[in-house]
Amino acid sequence: MTNVSEIRQLVSRVMKFGVTGITSTAIYVGLSYTMIKILALEVIVSSIVAFIIASVFSYLVNTLWSFSEKPSPANLMKFATVTILGSAISSAILKNAITMGFGYWIGIIAILLIVPLMTFIAHHVWTYQQPARM
Numbered sequence: 001m002t003n004v005s006e007i008r009q010l011v012s013r014v015m016k017f018g019v020t021g022i023t024s025t026a027i028y029v030g031l032s033y034t035m036i037k038i039l040a041l042e043v044i045v046s047s048i049v050a051f052i053i054a055s056v057f058s059y060l061v062n063t064l065w066s067f068s069e070k071p072s073p074a075n076l077m078k079f080a081t082v083t084i085l086g087s088a089i090s091s092a093i094l095k096n097a098i099t100m101g102f103g104y105w106i107g108i109i110a111i112l113l114i115v116p117l118m119t120f121i122a123h124h125v126w127t128y129q130q131p132a133r134m
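Quick note, the sequence shown lines up with residues 1 to 134 if you use full-length UniProt numbering.
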């Protein structure tokens, strides 16, 4: 049976994960805009660089704050795997929404409803998996 403190911890992690995700997205958008509009860099290069920086931020903050863990090669590789899969799933959702005639805004809404929840669950049960209690 799950006790109240475990539920509180889970809710706290979800909230922290959400704040981190919003901040990471703002970093991505801000860096992309700056590199494209102010520094006049190519869009693809700007997007890749911004994605990497935002992902490093997300990894560090989620590891240290959201999940209260220490950074390690193991959780870094798992985090990167979840991030890449989340990005691929986002792209597939968007492509399918457009192909099916729903338009990109419906795709974006679907991404916002599906991918953060999916990545939180993946991080909770795999990236930062806690050893079973006896």
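We treat Cβ as the ideally placed atom computed from N, Cα and C, and that holds for glycine. Here the structure is a predicted model, which is why all the values come from computation and not from measurement.
With residue i as the anchor, note down where its alpha helix (DSSP H) starts and where it stops.
{"i": "residue 119", "result": "104–122"}
{"i": "residue 125", "result": "From DSSP, residue 125 is part of no alpha helix (DSSP H); its letter is neither H nor E."}
{"i": "residue 16", "result": "4–33"}
{"i": "residue 100", "result": "Where residue 100 is concerned, there is no enclosing alpha helix (DSSP H), given that its DSSP letter is neither H nor E."}
Would you please state the rounded distance, in angstroms, between the beta carbons of residue i and residue j? I believe it to be under 8 Å.
{"i": "residue 194", "j": "residue 104", "result": "No information on residue 194 is available, as it lies outside the stretch 1 to 134 that the chain covers here."}
{"i": "residue 24", "j": "residue 57", "result": "6 Å"}
{"i": "residue 11", "j": "residue 120", "result": "With 8 Å as the limit, residue 11 and residue 120 do not qualify as a contact, their Cβ atoms being about 12 Å apart."}
{"i": "residue 150", "j": "residue 28", "result": "Limits of the chain in this structure are 1 at one end and 134 at the other, which puts residue 150 out of reach."}
Report the start-end ranges of each alpha helix (DSSP H) in the region 35–96 that is 4 residues or longer and not cut off at the edges. If you keep only unbroken alpha helix (DSSP H) runs of at least 4 residues inside the region 35–96, you get 43–61.
Closer than 8 Å is the cut-off here; do at least three beta carbon pairs connect the region 82–92 with the region 36–43? Because the criterion of three Cβ pairs below 8 Å is not met, the region 82–92 and the region 36–43 do not touch.
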